[in-house]
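>
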Amino acid sequence: MLNNISEFLRRIDQFGASYKPSYSYGEVQFKTSLGGLLSIVLYGLSLAYLIYELILWKSGRILPKITSLQTEIETYSLQFDKVTIASFCLRKHTSIHNQIDPFDPNNVIVLPMLYEILNDEFQEPQTLLSTKKSEKHGTYLIEVKNIELSNNEHESLDHPNKEFLLVFQECTQDLLPEGWYCAKEDRIKTFFNQKQNQLQIQTFVNQYNTSTKKIDIVEQDYYASFDNKTTYFSQIVIGSTNISIDTGFLLESLEIIEFPSSLQSYIQQMDLDYFAHSFQNKIFLAFEFELGTLQQTVYVEYPKVSEVLANIGSIVSFFLFFSHIAYMINEKNLELKVLRTLIEMYYPQMKEVTFKKNCYGKVIQVLYKNSRVSISFLETYNKFLKIAQAKLCLTNQLYEVSRLQFILNSICDKQVFRDCHDIGIRLKGLDFEHDPDKHNNKPNIIKVENIIQQELKLENVENESIKELNITKINPKATIEMQSNQIQVEQLNQSQSLFLGKMIENQLIDEEDFKLSDEDFYVLMQHQSRIKELEYETVALQNQQQIQYEVQN
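Reading the sequence shown from the start, the letters are residues 505 to 1057 in our numbering.
1) Going straight from the alpha carbon of residue 599 to that of residue 749, what length do you get?
2) Could you tell me the distance, in whole angstroms, from the CA atom of residue 741 to the CA atom of residue 573?
3) Assuming residue 727 contacts residue 704 under a Cβ cut-off of 8 Å, what Cβ separation, rounded to an integer in Å, is found between them?
4) Ordered along the chain, which non-local residues of its own chain (more than five positions away) have a Cβ less than 6 Å from that of residue 846?
5) Would DSSP call residue 817 helix, strand or coil?
6) If residue 743 sits next to residue 768, beta carbons under 8 Å apart, how far is it from one beta carbon to the other, in whole angstroms?
7) Figure out for me which residue from 909, 870 and 862 has the closest Cα to the Cα of residue 856.
8) Starting from the C-beta of residue 770, find all residues in its chain whose C-beta is less than 6 Å away, skip the five residues before and the five after it, and write them out in chain order.
9) Mind checking whether residue 652 and residue 794 have CB atoms under 8 Å apart?
10) Determine the extent of the beta strand (DSSP E) in which residue 699 is found, giving its start and end residues.
11) What would DSSP say about residue 629, mapped onto helix, strand or coil?
12) Let's see if you can read the secondary structure: which residues bound the beta strand (DSSP E) around residue 541?
13) Quick one: what's got a C-beta closer than 8 Å to residue 827's C-beta in the same chain, skipping five residues either side?
14) State the beta-bridge partners of residue 764 as determined by DSSP.
15) Between which two residues does the alpha helix (DSSP H) harbouring residue 718 extend?
16) What is the residue span of the beta strand (DSSP E) that residue 876 lies within?
17) Please state whether DSSP places residue 665 in a helix, a strand or coil.
18) Can you look up residue 868 in the DSSP assignment and give me helix, strand or coil?
19) Does the pairing of the region 860-876 with the region 915-929 give three or more beta-carbon distances under 8 Å?
20) Assign residue 910 to one of two classes, buried (16 or more other C-beta atoms within 10 Å of its C-beta) or exposed (fewer than that).
21) Taking 8 Å as the threshold (C-beta atoms), are residue 564 and residue 609 in contact?
22) State yes or no: is the C-beta of residue 675 within less than 8 Å of the C-beta of residue 638?
23) Which partner residues does residue 590 have in the DSSP bridge list?
See below:
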């Protein structure tokens, strides 16, 4: 059962590792200085862009996705406990000396009264007199705050329609708090005879700041004039915004905020008699505050780390696209290096051949030991490269191995091939530890001096030379055959090593003495008909000499 589970898990493993053979000792990948320079540039740009994007994301300078729509809401309410809905003060003019302030506690000319209207019915009013002064004009400031507006199309008792009306009426001493006094008639006339009696109106709404993720206050100013003959009426409709903010790092994390976001003012100029019947007093200015039926619904989604990384990844992918150039260059250089190494295995003199190229990569000079060689040698070298490419083909390598097997089979008995699976080198230094329970009186260490198999005798190998590797079968017949085969192999190795071991630069070597020629470079290769089309001039010359010799004989 456990074995089946283990086998099932092994089969579904998606992280299997593959073995990468090295093209050279200790080197799995071919790398160049050009590729290293390009790696520094590309990965440096990628890292710089990564840091840049993360800084923008952290500081909130990456714009979020915002979806907005207008919806009609029949029933809802809005609190103004954190923000002043409106403020009023006399506009100060430097050109008017001794300008009279109508909200002076000792000389009140205009009395601000705030009425709450529930389902179109006026409630008990409250005065909004204040000793607070405006920072800009230095006159007394009247503020409308800490109120709640509600809208209900059905006007139910549980949730009534709530509005507020602020009127600036003629002062009445009975409505003033203790310590406050109405102005005398002469001062009232002087006030209305002033050249400019403007009331500055400041309204405040909120706006969500996507950069700081906070609610900002937006101020709007406009002016209304005092007139003792008409009434200035302004209907202020307040629009609200319901905003859902998603600030999640990876997953959704919503925060819902509702606040006043807009004001619409509808202004009318009326006779004094219009409000006199309702309030039994002269009304100079009137401001009605009500909640609109349209609400703006906004959904703000800040970029999550996945989106930021995806954006970074797209740009980095564009940068790393140029890495394919370095990869192709390294791939081509690796191929040329392997082909050159293969050619040098057959032609050791190629190690002393160098090619000089111009800035466009064209070979302009061929040197052999710093001596110039005819440029025509480049054609021969190109033929070498084509043959080396064919030799490195996997099917050709398998074909050459099969040919070698047939050659060995022609000079060796098949029993040698069968017995080669049992050949091995004796393992030295194999010591067994002493078991004190079974052998109390014996030495602690037992050395294994000889481990002899039934059919083979193994001799220690100190060097890697084939001359010192003697693996002899105990069977006498097979021993004689092995000795003869070994002599042939030693003679073949001796011939090649003699040719490769001599100093070529100072001696003229006759290759026919060692039976080596250019043909040995491709004699075992597959597709001989194609390869013969690339025969070298030296091979063709030798064939012509051989034909002439046979004709003469």
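Glycine is no exception: its CB is placed at the ideal position from the N, C-alpha and C atoms.
The model shown is predicted, which means the values in this text are computed figures rather than measured ones.
Taking the geometry as given:
1) Here residue 599 refers to the residue found at position 95 when the sequence shown is read from its first residue. Here residue 749 refers to the residue found at position 245 when the sequence shown is read from its first residue. Their backbone Cα atoms lie some 50 Å apart in a straight line.
2) As a position in the sequence shown, residue 741 is number 237, starting the count at 1. As a position in the sequence shown, residue 573 is number 69, starting the count at 1. If you take the alpha carbons of residue 741 and residue 573, they lie about 19 Å apart.
3) Position 223 of the sequence shown, counted from the start, is the residue given in the question as residue 727. Position 200 of the sequence shown, counted from the start, is the residue given in the question as residue 704. Yes, they are in contact, since the Cβ atoms of residue 727 and residue 704 sit about 6 Å apart, within 8 Å.
4) Position 342 of the sequence shown, counted from the first residue, corresponds to residue 846. Contacts found: 892.
5) Mapped onto the sequence shown, residue 817 falls at position 313. Correct three-state label for residue 817: helix.
6) As a position in the sequence shown, residue 743 is number 239, starting the count at 1. As a position in the sequence shown, residue 768 is number 264, starting the count at 1. Contact holds; Cβ gap of about 7 Å.
7) Against the sequence shown, residue 856 aligns to sequence position 352. The candidate whose alpha carbon is nearest that of residue 856 is 870.
8) Working through the sequence shown from its first residue, we reach residue 770 at position 266. Once the five neighbours on either side are set aside, the close Cβ partners of residue 770 are 739.
9) Taking the first residue of the sequence shown as position 1, residue 652 is located at position 148. Taking the first residue of the sequence shown as position 1, residue 794 is located at position 290. Not closer than 8 Å, so no.
10) The residue given as residue 699 occupies position 195 in the sequence shown. Element bounds for residue 699: n/a, residue is neither H nor E.
11) Counted from its first residue, the sequence shown places residue 629 at position 125. Residue state, collapsed to three classes: coil.
12) Within the sequence shown, residue 541 is the residue found at index 37, counting from 1. Segment 537-562 is the alpha helix (DSSP H) holding residue 541; no beta strand (DSSP E) there.
13) Looking up residue 827 in the sequence shown gives position 323. 542, 543 and 546.
14) Residue 764 sits at position 260 when you count from the first residue of the sequence shown. 744, per the DSSP bridge assignment.
15) Numbered from 1 along the sequence shown, position 214 holds the residue referred to as residue 718. Careful: residue 718 lies outside any alpha helix (DSSP H), inside the beta strand (DSSP E) at 718-729.
16) Here residue 876 corresponds to residue number 372 of the sequence shown, with the count starting at 1. Here the beta strand (DSSP E) through residue 876 covers 875-877.
17) The residue you call residue 665 lines up with position 161 of the sequence shown. It is coil, neither helix nor strand.
18) Indexing the sequence shown from 1 puts residue 868 at position 364. Correct three-state label for residue 868: strand.
19) The region 860-876 and the region 915-929 do not touch, with fewer than 3 CB-CB distances between them shorter than 8 Å.
20) Counting from 1 along the sequence shown, the entry for residue 910 is found at position 406. Exposed.
21) What you label residue 609 is simply residue 105 of the sequence shown in a count that begins at 1. What you label residue 564 is simply residue 60 of the sequence shown in a count that begins at 1. No, Cβ-Cβ distance for residue 609 and residue 564 is not below 8 Å.
22) Against the sequence shown, residue 675 aligns to sequence position 171. Against the sequence shown, residue 638 aligns to sequence position 134. Taking 8 Å as the Cβ cut-off, residue 675 and residue 638 do not qualify as a contacting pair.
23) Taking the first residue of the sequence shown as position 1, residue 590 is located at position 86. Answer by DSSP bridge pairing, in chain order: 648 and 707.
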